[in-house]
Every structure is written in C-alpha cells, then in structure tokens.
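So the sequence shown is numbered by this note's numbering: it starts at 19 and just counts up by one. Structure record follows, encoded as structure tokens.
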Amino acid sequence: MSTDEMSKAVDAYVTELFELEDGALEGARARSREAGLPAIEVSPAQGAFLGILARAAGARRVLEIGTLGGYSSIFLARSLASGGRVTTLERDPEHASVARTNLEAAGLADCAEVLEGPALETLARLRAEAADPFDLVFIDADKADYPDYLAAVLPLSRSGTLIVADNVVRKGAVADPADADPRVVGARRFLEAVARNPRLRGTVVQTVGRKGHDGMAVAVVLGAEREER
Ligand code: SAH
Ligand code: DHB
Ligand code: MG
C-alpha cells in the first residue's frame with residue numbers, strides 16, 4: 019500500500035470509528051454534488067476537528083469565510099455553546115442557496131446565517147457595524163486573499179480568539195519560496211503575517227487522507243499580558 023492509500027484508509031477508519039458523518043452531513047454532500055458544487059469541503063475528520071476546537075473554546079460567535087454547501091458550517095453550528103451563531107460568508111449566490119437548504123435540512127437554520135457577497139466587503143461591513151468579536155474564525159475562501167482576510171478579521175477578534183485557515187500546505191508547495199501559484203503565495207503571505215504578528219501565536223497542522231496532503235494553520239490571539247511570552 020502506498021502512503022497515500024494508507025492515509026486514505028486511516029481517514030476512512032477514523033470516520034467510521036467516531037461516526038463522524040451522519041445523515042444530515044451525507045445529505046449536504048449529496049445535494050452539493052447534485053447542484054454541481056466542487057467536492058472541496060473539509061473531510062469529516064477535519065470537520066470534527068473544527069467542531070472540537072469550537073467546543074474547547076466555548077465558542078458562541080463563529081465566523082466562516084467560504085461556505086460552499088455549508089458542510090463545514092454544519093460541524094461548526096453543531097458545536098456552538100447555547101445561544102451561539104455561525105456567520106458564514108459566501109460570494110457565489112448558487113453556493114449560498116445550496117448551503118441554506120443544507121443548514122435548514124440539518125435543523126440548523128436558527129443558528130447559522132449565510133451572508134452573500136465578496137467576503138472582504140462583508141467583513142468591512144461587519145467592522146463598520148462594530149460587530150461583537152468572534153470566538154473562532156475559519157478561513158476557507160479565495161486562497162490568494164488569505165492575507166487580506168487575516169487583516170480584516172483581526173479587528174473582529176479578541177484575546178483568545180482562534181483563527182483557523184484551511185489549505186495552507188498545498189501538497190508541500192508552501193515550503194517552496196519559488197512557487198508562484200497565487201494560492202501558494204497567499205498561504206505563504208498569510209503564514210508570514212501570523213508569524214510576525216506579536217498579537218498572534220500560530221502553527222500549522224499538516225493533514226493527509228481523503229483530500230491528500232494539505233494542512234490547516236491554527237492561531238490564537240494573545241492577550242496583552244502574554245505578548246512578551
Ligand atoms: N468551508 C467549506 C468549503 C469552502 S470552498 C467546507 O469545508 O464545507 C470555498 C468557498 O469560498 C467557495 O464556495 C467559493 O465560492 C467561496 N469564495 C471564494 N472566494 C470568495 C470571496 N472572495 N468571498 C466569499 N466567498 C468566496
Ligand atoms: C480548493 C479549495 C478548498 O477550500 C479546499 O479545501 C480544497 C481545494 C480549491 O479551490 O481547489
Ligand atoms: Mg478548504
């Protein structure tokens with residue numbers, strides 16, 4: 019068995035062992051495929067990881083940038099503390115519509131809201147409205163714009179806010195400074211911005227399995243008292 023086959027087998031084993039995908043999630047995936055959305059949602063194991071982070075953080079206010087069919091939104095919405103809400107941003111009206119159907123079918127319409135439009139515009143509006151800070155932010159939209167998403171969410175964060183960003187490893191391309199793919203350049207600039215921001219403590223968790231070799235950046239916003247380590 020190749021390493022790739024092995025990691026897919028482990029992913030399948032873990033998904034089954036922890037029963038990570040139920041009918042609502044399967045339905046969301048099926049409806050997304052029927053509607054022609056690309057099969058790029060998080061894997062069940064990655065969705066469960068996001069949910070566990072949300073629970074550990076006691077998250078009530080969750081921001082997602084990049085909804086697609088709402089698959090990851092379902093994991094996040096199910097992990098909210100009581101009275102919590104997921105605000106998820108999607109540029110494509112067709113994707114937003116599929117996501118609303120999926121969230122409704124999962125019984126989560128009350129605690130998840132899809133805001134349609136280019137994310138940077140929606141984020142500017144949230145900032146202008148002086149929205150309460152988010153407890154957890156999941157960045158998963160246009161890869162080239164990751165550095166701009168980071169700059170836009172920091173004013174919507176507080177000490178302790180978790181910031182998670184998908185697809186920052188890209189089969190290892192992130193470690194190649196000569197790679198000019200705008201998605202890779204976006205990931206590198208994002209990671210560099212996290213690394214040099216004294217308000218942030220971050221790392222990258224590489225992932226393998228169903229979606230191949232990739233990884234998520236995980237960062238936490240530090241409080242003033244911790245900035246000096
Ligand atoms: N988080 C989803 C997958 C998101 S795929 C999941 O795991 O289930 C990325 C999504 O981001 C796509 O639906 C795409 O239309 C959307 N997107 C890309 N650029 C965007 C932008 N500038 N503003 C808002 N959404 C954007
Ligand atoms: C792509 C986007 C994603 O968010 C992802 O998880 C995988 C692939 C893409 O645009 O190709
Ligand atoms: Mg992704």
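Virtual Cβ for every residue (Gly too), placed ideally from N, Cα, C.
Using the rule of at least 16 other Cβ atoms within 10 Å of the residue's Cβ for burial, across every protein chain shown, is residue 106 buried or exposed? Counting Cβ neighbours within 10 Å, residue 106 comes out buried, since at least 16 surround it.
To the nearest angstrom, how far is it from the Cα of residue 116 to the Cα of residue 67? For residue 116 and residue 67, the gap between their C-alpha atoms comes out near 23 Å.
Who are the near neighbours of residue 245 in its chain, counting only those whose CB is closer than 6 Å to its CB and skipping five residues on each side? For residue 245, the predicted model reports a pLDDT of 47, less than 50, meaning its position is unreliable and no value from the coordinates is stated.
Proximity of residue 186 and residue 205 at Cβ, strictly below 7 Å: Yes, these two residues count as a Cβ contact at 7 Å.
Do the region 54-68 and the region 223-237 meet, that is, are 3 or more Cβ pairs less than 8 Å apart? With a cut-off of 8 Å, the region 223-237 and the region 54-68 count as touching, because enough Cβ pairs lie within range.
State the DSSP-derived secondary structure class of residue 22, mapped to helix, strand or coil. If DSSP states are grouped into helix, strand and coil, residue 22 belongs with the helices.
Taking the C-alpha atoms as reference points, what is the distance between residue 180 and residue 146? Between residue 180 and residue 146, the C-alpha separation is close to 22 Å.
Anything with a beta carbon under 5 Å from a heavy atom of ligand 3 counts; list them all in chain order. Per the Cβ criterion, the list is 158, 184 and 185.
With H, G and I counted as helix, E and B as strand and the rest as coil, what does DSSP make of residue 190? Residue 190: helix per DSSP, three-state reduction.
Does the contact criterion of 3 or more C-beta pairs under 8 Å hold for the region 127-140 versus the region 41-59? Segment contact: the region 127-140 against the region 41-59, fewer than three CB-CB distances shorter than 8 Å; contact not assigned.
Alpha carbons only, please: which of 203, 182, 212 and 183 is nearest the one belonging to residue 191? Of the listed residues, the one whose Cα sits closest to residue 191 is 203.
Beta carbon of residue 83: closer than 6 Å to some heavy atom of ligand 2? Not so, every heavy atom of ligand 2 lies at least 6 Å from the Cβ.
At least one CB of chain C closer than 7 Å to the CB of residue 34: is that the case? Given the protein chain composition of this structure (a single chain), no chain C is represented.
Same chain, Cβ closer than 8 Å to residue 133, five either side skipped, listed in chain order: So the list reads 105, 106, 107, 108 and 140, once near-sequence residues are dropped.
I need the DSSP call for residue 134, collapsed to helix, strand or coil. Looking at residue 134 - three-state DSSP - the assignment turns out to be strand.
Taking residue 240 as part of the beta strand (DSSP E), name the residues at either end of that continuous run. DSSP places residue 240 outside any beta strand (DSSP E), giving it a letter other than H or E.
Less than 7 Å separating the beta-carbons of residue 148 and residue 42? Cβ atoms of residue 148 and residue 42: not closer than 7 Å.
Excluding the 5 residues flanking residue 60 on each side, which residues of the same chain have their C-beta closer than 6 Å to its C-beta? These residues qualify, in order along the chain: 90.
According to DSSP, is residue 112 helix, strand or coil? It is helical.
On the three-state DSSP scale, how would you describe residue 141? Helix.
Taking the beta carbon of residue 234 as the centre, do at least 16 other beta carbons fall within 10 Å, making it buried, or is it exposed? It is buried - the Cβ of residue 234 has at least 16 other Cβ atoms within 10 Å.
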